[in-house]
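Our numbering applies: residue 6 is where the sequence shown begins, and numbers increase by one. C-beta: ideal position from N, C-alpha, C; glycine also. Keep in mind it's a predicted model, so treat the numbers as computed, not measured. Below is one structure, written out as structure tokens; comments come after it.
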Amino acid sequence: RVDLRLLRGDSADPEMVSAAARFGPFEWIFLDAGHAAHEVRADWNNYSALAAPGGIIALHDILPGRNGQAWIEVAQVWKEIQRDGYLTQEIVASEDVDWGGIGVVFL
Numbered sequence: 006r007v008d009l010r011l012l013r014g015d016s017a018d019p020e021m022v023s024a025a026a027r028f029g030p031f032e033w034i035f036l037d038a039g040h041a042a043h044e045v046r047a048d049w050n051n052y053s054a055l056a057a058p059g060g061i062i063a064l065h066d067i068l069p070g071r072n073g074q075a076w077i078e079v080a081q082v083w084k085e086i087q088r089d090g091y092l093t094q095e096i097v098a099s100e101d102v103d104w105g106g107i108g109v110v111f112l
């Protein structure tokens, strides 16, 4: 059984975080919003706090942006998460692409 809730808005808006918290804790969270490091870091900090023990959090676009995709800074935060000692897995179709990939964090 899956209970899916959709909230639309700015993920950094405190009201959005509060709205999401009302439905938590979450077993599975997918962070797919901003691409700037400060945006990804804010989402990680805000929403990882809403995860259930043993939950899973996935992040989008973990490969370093290159070839005109330098504005994709998710990789910076992804590496920080890994340095913090979380068990992670990368899902990447090909290292030859300019950006993409999914990073999975097991809590």
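Taking residue 42 as the centre and dropping the five residues before and after it, the same chain places the C-beta of 78, 81, 82 closer than 6 angstroms to its C-beta, in chain order. The C-alpha of residue 69 is placed about 11 angstroms away from the C-alpha of residue 101.
Per DSSP, reduced to three states, the secondary structure at residue 44 is helical. Residue pairing from DSSP places residue 94 in a beta bridge opposite 109. In the three-state reduction of the DSSP assignment, residue 32 falls in the strand class. Residue nearest to residue 84 within the set 58, 13, 108 is 108 (criterion: CA-CA distance). With fewer than 16 other Cβ atoms inside 10 Å of its own Cβ, residue 12 counts as exposed. Per DSSP, the continuous alpha helix (DSSP H) segment holding residue 86 begins and ends at 79 to 88. Taken through DSSP and simplified to helix, strand or coil, residue 58 comes out as strand. For residue 6, the closest of 38, 19, 32 by C-alpha to C-alpha distance is 32. Looking at the DSSP output, residue 63 bridges to 35, 109.
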